[in-house]
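Protein chains in written order, with the numbering used here: chain A, 128 to 261; chain B, 1438 to 1823. Just so you know, even glycine gets a beta-carbon here, dropped at the ideal spot from N, CA and C. Being a predicted model, the structure only gives us computed values, none of them experimental. Only one structure is covered here, and it is reproduced in the block below.
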Amino acid sequence: MVHNALPLQWRKYPERYYLKGNYCENCKTSFFPQRSICPNCRRKGKLVEKDTPFTGKIVSWTEVSVAPFGFENETPYFLAIIEMENKAKILAQIVDSKKEKIKTGARVTKKFRKISDIDPEGAIAYGYKFKVVE
Amino acid sequence: MRSVSIIGTGLTKFGEHWDKSFRELIAEAGVKAIESAKIEGKTIEAIYGGCMASGRLIGQEHIGALIADQLGLNPIPSTRVEAACASGGVALRSGILAISSGTYDIVAVGGIEKMTEVSTEAASFALGGAGDQETELFHGATFPSLYALMARRHMEEFGTTEEQMAMCSVQAHKNGVNNPHSQFQREITVEDVMQSGYVASPLKLLDCSPITDGAATLILCETEKAKKMGLENAVEIIASTQASDSLALTGRKSLTEMAATKIAVKEAYEKTKLEPKDIDLVELHDCFSIANILAIEDLGFFKKGEGGKAVEKGKTSLNSEISVNPSGGLKCGHPVGATGVKQAIEIFEQLNGTAGKRQVKNAKIGMAHNVGGSGATAVIHIMKKT
Ligand SMILES: [Zn+2]
């Protein structure tokens, strides 16, 4: 399974463990995950590594009841699109939060969690999930 | 650029074809199309076949070669086209470009997907490949959940309701009753949708398109040649446009519109000098009920934010303001690679006045709108009876 491939996970540590992103000094846009080419400026872009802030706010959310492979035991779980403080958007699960607190506009902060363990041959994948800030 | 017309169509029933293989479905739709065009198979010069996920769904790649082989059309060039759920629409566009460029006079365009060979979970995983594997699926996102994120935003920004979304499914099923190729031939109520259980809130099971097997084929011909051949049911394709957007939902400027749809349709309207009011029917990409609402807004039939109310008031039902999905749309079967081709077949039928009980009165101009993934690809075709 692609989710648990070892080289992939190794490459993704900076992104998935501490939200390493990048920033284009030409158009002043933050990206997460990192992009190889600034889509706004292309070759005129000046991309530099930059950490993404750990807090943001929910832009939209859903409660997933029918899960894909590897997430069957976690239903229901919440997914949200989060706008980070640098305007980059991230899709992630919302965990450890009261259901009624998960709503558009809620402030959330990054947590480090197990994401999936689909492939018995692969590694357990860890990464970011978010929690509502009370 | 030379004009291109559809001169023949072939469609299998959409449904769970446990008794038929991938290749049998291709053969069935292909032979029907060649017979309907009243041409000899050997006059076909090239094949473009749309298929999204055969590798995951049946373990078979190299679909281009398989199609030519199955139809006995070797050694003509045969190419698979993949653009997720827009594979069929993009295959059609590839066939059109091949003729309009002057390379060929007659080509076959196919669309195929066999989705019931694996479990629902495995099919969902395969379909997930239309999204961003690394930033969406990795985190447990499903296709319903991505559209649910758009639906929630639309509800909160414009007051769209779950009942209005449910109405989209109710209307689709109502039209599907009169389509013999539809997977379901039964009407449903708003109540049925509301009680069908959340898949990803606010979307419920009956807000979603089903898992389907099916194949569809079109025969395309250069328009002047079709006239010379005396093919009276030929339907001219007067615009074929396509646009791309970010693969992941997080890269979009807005969650309540599909920029790729807006850009592709704008180009199509400009090219044909038509306006939304000139379109008699549209086969649009309603993979989820919210997608219907987004599409009728993005295609210009209703103002942004007013799609839900328009559906509720019946403005999109058969022979109303704009006849949306007379075939039943994707709610009546969505074999992903075949859908874009099937949409064109429905318009061909409608413009020829052969759609039976689901016929749109005086249908002169039809539009097909096919979307890949959560909106990363959009294809528009406008067709006219010549
Ligand atoms: Zn830039």
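- Burial state of Lys1710(B) is exposed, judged by a 10 Å Cβ sphere holding fewer than 16 other Cβ atoms.
- Looking at the DSSP output, Gln1497(B) sits in no beta bridge, so it has no partner there.
- Excluding the 5 residues flanking it on each side, Val186(A) has same chain C-beta neighbours closer than 6 Å at Ile208, Glu210, in chain order.
- DSSP, read as helix, strand or coil, puts Thr236(A) in strand.
- With respect to chain B, the C-beta atom of Lys147(A) has no partner C-beta closer than 8 Å.
- Looking from the CA of Phe257(A), the closest CA among Arg240(A), Tyr140(A), Pro195(A), Asn153(A) belongs to Arg240(A).
- Neighbours of Ser192(A) in chain B, taken as residues at a C-beta separation under 8 Å, are given in chain order as Gly1634, Tyr1635, Val1636, Ala1637, Ser1638.
- For Lys216(A), at least one C-beta of chain B is nearer than 8 Å to its own C-beta.
- For Pro160(A), the residues of chain B that pass the 9 Å Cβ criterion are Glu1571, Thr1572, in the order they occur in the chain.
- For Ile164(A), no chain B residue has a Cβ inside 7 Å of its Cβ, as the nearest lies near 13 Å away.
- Secondary structure note for Met1804(B): its beta strand (DSSP E) is the uninterrupted segment 1802-1809.
- Taking 8 Å as the cut-off, the beta carbon of Leu1510(B) is found no closer than this to the beta carbon of Ile1536(B).
- Annotation: Asp178(A) is outside any alpha helix (DSSP H); the continuous beta strand (DSSP E) that includes it extends over 174-178.
- Using a C-beta cut-off of 8 Å, the region 1570-1580 of chain B makes no contact with the region 1736-1743 of chain B, since fewer than three inter-stretch Cβ pairs fall below that distance.
- Near ligand 1, meaning a beta-carbon closer than 6 Å to one of its heavy atoms, we find Cys151(A), Asn153(A), Cys154(A), Thr156(A), Cys165(A), Asn167(A), Cys168(A), Gly172(A).
- The beta-carbon separation of Glu1749(B) and Met1604(B), rounded to 5 Å, stays under the 8 Å limit for a contact.
- The criterion of a C-beta distance shorter than 8 Å is not satisfied by Lys173(A) and Gly148(A).
- Per the coordinates, the alpha-carbon of Pro160(A) lies some 18 Å from the alpha-carbon of Asn153(A).
- Val191(A) carries a strand assignment under DSSP once its states are collapsed to helix, strand and coil.
- DSSP, reduced to helix, strand and coil, places Gly249(A) outside both helices and strands of the structure shown, so it counts as coil.
- By the rule that beta-carbons nearer than 8 Å mark a contact, Ser1677(B) does not touch chain A.
- Taking C-beta separations shorter than 7 Å and ignoring five residues to either side along the sequence, the partners of Val1555(B) in its chain run Leu1494, following chain order.
- Glu1783(B) has its alpha-carbon roughly 17 Å from the corresponding atom of Ile1471(B).
- Look at Gln136(A): its C-beta is not under 8 Å from any C-beta on chain B.
- If the five residues before and after Val1627(B) are omitted, its C-beta is found closer than 7 Å to the C-beta atoms of Glu1600, Ala1603, Met1604, Val1607, all from its own chain and listed in chain order.
- Val1672(B) is the residue among Val1672(B), Ala1728(B), Thr1753(B) whose C-alpha sits nearest the C-alpha of Ala1781(B).
- The beta carbon of Ala1775(B) lies closer than 6 Å to those of Gly1525, Gly1548, Ile1549, Glu1550, Gly1651, Ala1652, Ala1653 in the same chain, with the five residues before and after it left out.
- Close to Glu1558(B), with beta-carbon spacing below 8 Å, are these residues of chain A in chain order: Pro195, Phe196, Glu199.
- For Leu1655(B), the closest alpha carbon among the candidates Arg1530(B), Lys1821(B), Thr1791(B), Val1797(B) is that of Arg1530(B).
- Under the Cβ distance rule, Thr179(A) does not count among the residues neighbouring chain B, no pair being separated by less than 8 Å.
- Burial state of Glu1694(B) is buried, judged by a 10 Å Cβ sphere holding 16 or more other Cβ atoms.
- At least one C-beta of chain B is nearer than 8 Å to the C-beta of Thr189(A).
- Between Ala1732(B) and Ala1813(B), the C-beta spacing is not below 8 Å.
- Counting of Cβ neighbours within 10 angstroms places Leu133(A) among the exposed residues, the total staying below 16.
- Distance from the CA of Gln136(A) to the CA of Ala1792(B), rounded to the nearest whole angstrom, comes to 53 Å.
- Cβ atoms of Leu1718(B) and Pro1772(B) stay farther apart than 8 Å, at about 22 Å.
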